[in-house]
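Chains as they are written, first to last, in our numbering: chain A, 27 to 598; chain B, 27 to 598.
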């Protein structure tokens, strides 16, 4: 076998779409339940990102139609009829007909077997819309989009997710995705498209434009090989958590059983738009720096450093260049060893911590309102920590909430269980819990110190959200945070802080219970004591009793709400 | 903000190389130890694949040079000299010089700090070489190669690994990779190249051709941010296991401390070349079938099915088409619903199991020799199971070996520990052990039934290799097998089989120990008994003793080797 001939014959280049077609698990499409949640996740985050960027209060509508089950019941009816015909044919002794009927029945049976896990999912947002000439790129071509190179806190990043869902739909059903989009100029584009896997570009099946007043984007895709489950890792829970972390969004879900759930926004204003940040020098590798330098159109390294990175003043820039012994030449001409010396020099000068104006937390007020409404817990405490920095240059911020009692925690047949709700840039993380730095941080706290003797069985919901322009994900699946000391420390401290408040609440509850018991004993004997005192002092027993009760109530004072509750019950 | 303007301004397309540059962890580059092993893995597997394909007995030479540590010691010498100068300057009271010296010292200190984890790795194979015009593609352009579309048992698949290593080298050091390659025509190409991340193509830095008799491929790359460790997940262990599973290969490693290890081949012939297999219909999705159909140049669906897939005869093909109610038209004109009906129809007809001629195990003989040489265990048992099928259509085969005592198991300060050596298509899997179906299958066996009371502490090496044209990896990291019932059952059964043999060996050992004790007691008293009998019978005591000993030896027979050992010790 000649190697030259072999190469000439077999050498091929493969497109990125074909690569991901073969490696769908990289995009979150592994398993029927996870795949479903991935689909919902991709469209929801795109909708939220787009609305926020254009100052629109988001409203996301998701409708899930189970066409598999209707096919199934139709199939069963058909099967019954065929069975009747078969019985008849057998009575009449028609072997040809019998055979034909049997083949037919087998086909219907196969159709029924193949119809489970077949859905139509439509997802609509009221966002800015996608300009019609960009629709094929945005939904039909991987690794294209507006977000890849921006250093900003956002949910999506790579321009793969939306196309991945279109691809998964067409791979499992052969059907194109229907995209309706309008930027609000009175016209709506309606495009049916598939991904041309070989070319990594859209294959337009049909294209129309209609007059309309509507604005937004709506995707309708048919899927197989997915299963709708209402469990912890399903779409319902995903959206419920999205609603909690995004109190400015209204989310409407119609489930396969036609049940509609509306999570209405509890915040009437949008969060501030996160600013695009310049990267901080301490978060940079030499290779990063060189790539920025190549794209710069400035004439001097000093100007380039100053304009490309945060916290670099003109003086600081010159100082760094001097320490690194780098000539103040055109940045495009920097070589790797110079870039290395520059990144080393950054570490020897004093730099302010990264700017954190790009970090927009949910905020304590919004989160409290949101949790109160959705969890209906007895105790809620929310804490937003100050922004911090990991790897020396990447800003991040942690928000934590603790909800106890009432609707908090997971319910199962054995009562309540603790639940950890993990979020990254306000998007829920539902998979790979065990290996996530958030869960590890929460479990690393000694909960016994906070009057929680068995964490796993406590009626607790622990909410953790981390925001950053660069979330330190463990893998491309974007479902778990990597172990990072700085991040884990922040989460741990935040959780300990709210746990301290819970402890106060729990011991307050205990003290209160003792007081209530004491008071009820005093009150029980008040009439008798008043009668005895009346006899002894020969004063009005009723007045004595009234005074006694007043004294008891003053000395053994309950919390306000309890006090009122008691009064109400006494007045009855 | 106008959405049209925004899109015009910000919309970008990103190349696949840029995507992986941002997601290096997808290629195995996460953590300094894992990254090192990934580099070694990529080149070694490419070398082995190429040699085998062209019928060459592989010899892989790996040389690792720690240039960080030499830089470090040079830096320390420099630092000492500067310190002397500084002392002098301070004595002489020269503030200008003092400052300059301090700045210099700081730079050297930073250099020293930055020099750890800096290596030059060279990997050479004696394979067929890469034709010079393909060198830029093979090593500088992702998703290109000769393997992507082939359905054959091989180590590499996607045409990403080699380019990933070049990219990781240039990202951490800025240096190109030096590639020497010759197809044996008397000339060697020497190319220095980098990956142009924006274009996903090679950036040639330098290119030469020299006369030479050598044939093969050699890569020399400089890396930072990696660490050489001799632990369980390091390059040494990776290569040791590669040598075990590839007895036809010679592997030579020069470690950073200049120590050379040679694993010489124990098999003098190459394993048969795995044949490229046609996919079996039961392993196909409708989308797969359509993609094959699109590429077919045949005129009829029936011919297409017959020629593209295994186990489809002309009659079977017509039968399937009839059941699926698909017209026998041009395969390019098939639509998704027809493809779905065809895949359903495949399930209703009788098809032979997939051909397994493409599966080439290591083989019991080769594996035994290899394990004996490398592990030096007291007991070794090897089993190659018959080929089997998962997901209805994907052939696979399991090989298992058990080594006990002697050099088997892992050694640590507390004695021995059990070790599981996992392989897929003869490549070692070193990471993500806990979540791998191989480890799970091994641990699911009830080892107490096989006289192993505590599996984890047994002096055991359990070797498992699975071969298949499509290994069911859990993720793109290719380090763990997904839970798959058929595969796990096969592994479990194979392990139980060799464990049964181990049990026999172990109880044999126990019986033998008892026998040895009995015999030694008999032998101890033989002279006295002989003396007593001599006195009683008045016969020659020496003759009686000799006969007695002979009787004891016959009645209480040891295993041959013990017998000989005893004889030798008696003869002394």
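Cβ coordinates follow ideal geometry from the N, Cα and C atoms, glycine included.
For residue j and residue i, the rounded distance between their alpha carbons
i                     : j                     : result
residue 251 (chain B) : residue 143 (chain B) : 5 angstroms
residue 160 (chain A) : residue 44 (chain A)  : 21 angstroms
residue 200 (chain B) : residue 363 (chain A) : 7 angstroms
residue 207 (chain B) : residue 525 (chain B) : 46 angstroms
residue 230 (chain A) : residue 322 (chain A) : 37 angstroms
residue 46 (chain A)  : residue 366 (chain A) : 34 angstroms
residue 620 (chain B) : residue 225 (chain A) : This structure leaves residue 620 (chain B) out entirely; chain B is present only between 27 and 598.
residue 614 (chain A) : residue 85 (chain A)  : Missing from the structure shown is residue 614 (chain A); chain A here goes from 27 to 598 and no further.
residue 234 (chain B) : residue 158 (chain B) : 10 angstroms
residue 474 (chain A) : residue 69 (chain A)  : 41 angstroms
residue 51 (chain B)  : residue 342 (chain A) : 34 angstroms
residue 278 (chain B) : residue 388 (chain B) : 20 angstroms
residue 286 (chain B) : residue 433 (chain B) : 21 angstroms
residue 82 (chain A)  : residue 145 (chain B) : 52 angstroms
residue 340 (chain B) : residue 170 (chain A) : 46 angstroms
residue 214 (chain B) : residue 151 (chain B) : 14 angstroms
residue 584 (chain B) : residue 476 (chain B) : 23 angstroms
Residue-chain proximity (residue i, chain A), Cβ-Cβ < 8 angstroms
i                     : result
residue 361 (chain B) : yes
residue 145 (chain B) : no
residue 214 (chain B) : no
residue 63 (chain B)  : no
residue 506 (chain B) : no
residue 275 (chain B) : no
residue 372 (chain B) : no
residue 185 (chain B) : yes
residue 191 (chain B) : no
residue 197 (chain B) : yes
residue 313 (chain B) : yes
residue 125 (chain B) : no
residue 501 (chain B) : yes
residue 247 (chain B) : no
Limits of the alpha helix (DSSP H) - the one that residue i falls within
i                     : result
residue 162 (chain B) : 161-166
residue 354 (chain A) : Here residue 354 (chain A) belongs to no alpha helix (DSSP H), and DSSP marks it neither H nor E.
residue 616 (chain A) : Because chain A here runs from 27 to 598, residue 616 (chain A) falls outside it and cannot be looked at.
residue 189 (chain B) : 187-199
residue 405 (chain B) : It is not in any alpha helix (DSSP H) - residue 405 (chain B) instead sits in the beta strand (DSSP E) that spans 405-410.
residue 42 (chain B)  : 42-48
The beta strand (DSSP E) enclosing residue i, as first and last residue numbers
i                     : result
residue 448 (chain B) : 445-450
residue 422 (chain B) : 420-430
residue 90 (chain B)  : 85-92
residue 385 (chain B) : Unbroken run through residue 385 (chain B): none, as it is neither H nor E.
residue 438 (chain B) : 436-438
residue 82 (chain A)  : Residue 82 (chain A) -> no beta strand (DSSP E), and no H or E assigned at all.
residue 203 (chain B) : 203-208
residue 453 (chain A) : 453-455
Chain B within 8 angstroms of residue i, Cβ atoms only
i                     : result
residue 349 (chain A) : yes
residue 132 (chain A) : yes
residue 36 (chain A)  : yes
residue 51 (chain A)  : yes
residue 39 (chain A)  : yes
residue 416 (chain A) : no
residue 166 (chain A) : no
residue 613 (chain A) : Any answer about residue 613 (chain A) is impossible in this case: the structure gives chain A only from 27 up to 598.
The ligand MN heavy atom lying under 7 angstroms from the CB of residue i
i                     : result
residue 549 (chain B) : In the structure shown, the ligand MN is absent, as is every other ligand, since no ligand is present at all.
- Along the chain, which unbroken stretches of the alpha helix (DSSP H) at least 4 residues long are found entirely within the segment 211-298 of chain A? The segment 211-298 of chain A contains, as complete alpha helix (DSSP H) runs of 4+ residues, the segments 261-271 (chain order).
- Task: Give, in chain order, every unbroken run of the beta strand (DSSP E) that is at least 3 residues long and sits entirely within the segment 469-541 of chain A.
- Result: If one requires a minimum length of 3 residues, the beta strand (DSSP E) runs lying completely within the segment 469-541 of chain A are 486-493, in chain order.
- Any 3 or more C-beta pairs closer than 8 angstroms across the segment 124-134 of chain B and the segment 185-197 of chain B: Judged by Cβ distances under 8 angstroms, the segment 124-134 of chain B makes no contact with the segment 185-197 of chain B, as fewer than three pairs qualify.
- Check whether the segment 426-445 of chain A touches the segment 478-492 of chain A, counting contact only when three or more Cβ pairs, one atom from each stretch, lie closer than 8 angstroms. Yes: the two stretches touch, three or more of their Cβ pairs being nearer than 8 angstroms.
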